[in-house]
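Worksheet for the structure shown next.
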Ligand code: UDP
């Protein structure tokens with residue numbers, strides 16, 4: 003978050019015309035890649051994100067194995083052309099952090115103990131980024147894992163809320179993330195009533211935090227419904 007020097011709300015509307023509690027347009031599909039065990043593609047506003055799951059497979063070298071459960075590893079990668087200023091290829095501190103939080107979020111719902119001594123790899127490729135990629139990546143990774151047939155206790159959904167021009171709003175896009183006052187990404191497992199990710203970049207009062215937190219969960223629930231619908235449609239089962 004940088005100090006605000008740009009008007010983000012004009013005549014009660016956000017720069018892209020959205021209401022304060024409105025999500026960006028979201029499209030999602032599963033089974034989009036042939037050589038993975040499961041895959042998903044998510045467009046969330048201008049974000050374009052592809053996720054692929056490999057495994058469970060025998061894990062090598064042997065010392066990496068866990069005899070009680072599968073080892074889940076997520077790799078989040080931003081393509082050099084995904085952002086305005088070319089991103090240097092390869093991992094950096096941010097991508098290592100996001101990979102870790104996605105692995106931990108998914109680890110809460112994947113039934114890893116069913117596959118001891120194996121490894122499950124989740125690859126997330128950000129083809130185009132416009133803020134909120136960690137939430138969109140969690141949504142894509144969760145869909146890809148469900149598409150792989152891996153037993154899961156629930157789907158993980160995610161959404162951010164934040165503060166711009168003194169107002170609490172849902173799902174910040176790039177300008178709002180850059181010039182706003184706070185971004186609060188949240189990921190949830192609704193069936194288990196668990197928060198599986200909660201990060202905050204910026205400052206909020208206690209009251210603002212409560213409002214933003216509720217708004218983010220409400221947004222994540224709407225995305226959760228879309229995820230379920232996408233999976234049901236992909237299996238061609240009548241709702
Ligand atoms: N971003 C960028 N270059 C980078 C990293 C990020 O332009 O090397 C942009 C990108 O659009 C990203 C946004 O900054 O979505 C916000 O990044 P943040 O670290 O807050 O994560 P995100 O909101 O994507 O989860």
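Residue numbers (our numbering): 3 to 241. In this text, a Cβ means the ideal position worked out from N, Cα and C, and glycines have one as well.
Measure the alpha-carbon distance for residue i versus residue j and round it to whole angstroms.
i, j, result
"residue 164", "residue 29", "22 Å"
"residue 107", "residue 92", "23 Å"
"residue 16", "residue 98", "32 Å"
"residue 21", "residue 183", "18 Å"
"residue 113", "residue 70", "11 Å"
"residue 10", "residue 168", "10 Å"
"residue 47", "residue 72", "34 Å"
"residue 171", "residue 23", "6 Å"
"residue 118", "residue 19", "50 Å"
"residue 218", "residue 66", "36 Å"
"residue 38", "residue 194", "28 Å"
"residue 45", "residue 216", "24 Å"
"residue 96", "residue 223", "26 Å"
"residue 36", "residue 59", "17 Å"
"residue 151", "residue 126", "18 Å"
"residue 116", "residue 137", "27 Å"
If the criterion is Cβ atoms closer than 7 Å, does the pair residue i and residue j meet it?
i, j, result
"residue 75", "residue 123", "yes"
"residue 175", "residue 128", "no"
"residue 162", "residue 134", "yes"
"residue 191", "residue 156", "yes"
"residue 130", "residue 101", "no"
"residue 142", "residue 160", "no"
"residue 139", "residue 43", "no"
"residue 146", "residue 221", "no"
"residue 32", "residue 149", "yes"
Cβ-heavy atom distance between residue i and ligand 1 below 6 Å?
i, result
"residue 54", "no"
"residue 37", "no"
"residue 167", "no"
"residue 85", "yes"
"residue 42", "no"
"residue 89", "yes"
"residue 135", "yes"
"residue 222", "no"
"residue 9", "no"
"residue 179", "yes"
"residue 173", "no"
"residue 143", "no"
Return the bridge partner residues of residue i from the DSSP annotation.
i, result
"residue 36", "According to DSSP, residue 36 bridges with nothing at all."
"residue 29", "45"
"residue 159", "190"
"residue 130", "50"
"residue 76", "124"
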